[in-house]
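Residues 34 to 142, numbered by my numbering, are exactly what the sequence shown covers, in order.
Just so it is clear, CB atoms sit at the ideal spot from N, CA and C, and this is done for glycine as well.
None of the values given here were measured: they were computed from a predicted structure.
Notes for the one structure printed next.
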Amino acid sequence: PPIKGRESALFSDQIADPLTQAMILTAIVISMAMTAFMLSLAYRQYRYRTEDFIQDDTEDVAISVRPNIASAAPDHDASDDPETGRMTSEGDEFGPESFELPLKGEKDE
Numbered sequence: 034p035p036i037k038g039r040e041s042a043l044f045s046d047q048i049a050d051p052l053t054q055a056m057i058l059t060a061i062v063i064s065m066a067m068t069a070f071m072l073s074l075a076y077r078q079y080r081y082r083t084e085d086f087i088q089d090d091t092e093d094v095a096i097s098v099r100p101n102i103a104s105a106a107p108d109h110d111a112s113d114d115p116e117t118g119r120m121t122s123e124g125d126e127f128g129p130e131s132f133e134l135p136l137k138g139e140k141d142e
């Protein structure tokens, strides 16, 4: 028998217990499957880390060479102060003064 002291009652020493052999075989199969799964994950991670080629993006290059001043920022408004980058009152005026003032005598519905 594969395990010492484990004999079946019917045949005593003449035959090995099949349950013990089945359990050992099952353990071998499960460990081989887990090893194969772990190796496949390791290979996938290796391929992901080494063979993934990303081309340079032109927008990334443009951002990296942009000067680091407030007036060069992408969210810079033309009415912002070019020295400090702070907003000015002209930034909220989008049209003629007549468009900015509320209409007199009109009621909101």
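Original post:
residue 26 lies in the alpha helix (DSSP H); which residues open and close that run?
Top reply: Missing from the structure shown is residue 26; the chain here goes from 34 to 142 and no further.
Exercise for review: Classify residue 90 as helix, strand or coil using the three-state DSSP reduction.
Suggested key: On the sequence shown, position 57 is the one that residue 90 refers to. In the structure shown, residue 90 sits in coil (DSSP, three-state: anything other than H, G, I, E or B).
Measuring straight from C-alpha to C-alpha, what distance separates residue 55 and residue 72?
As a position in the sequence shown, residue 55 is number 22, starting the count at 1. As a position in the sequence shown, residue 72 is number 39, starting the count at 1. Between residue 55 and residue 72, the alpha-carbon positions lie close to 26 angstroms from each other.
- prompt: Taking the alpha-carbon positions, what's the residue 65 to residue 52 distance?
  reply: Residue 65 sits at position 32 when you count from the first residue of the sequence shown. Residue 52 sits at position 19 when you count from the first residue of the sequence shown. Their Cα atoms are separated by approximately 20 angstroms.
Run through DSSP, which three-state label would residue 96 get? As a working note, residue 96 is residue 63 in the sequence shown. If DSSP states are grouped into helix, strand and coil, residue 96 belongs with the helices.
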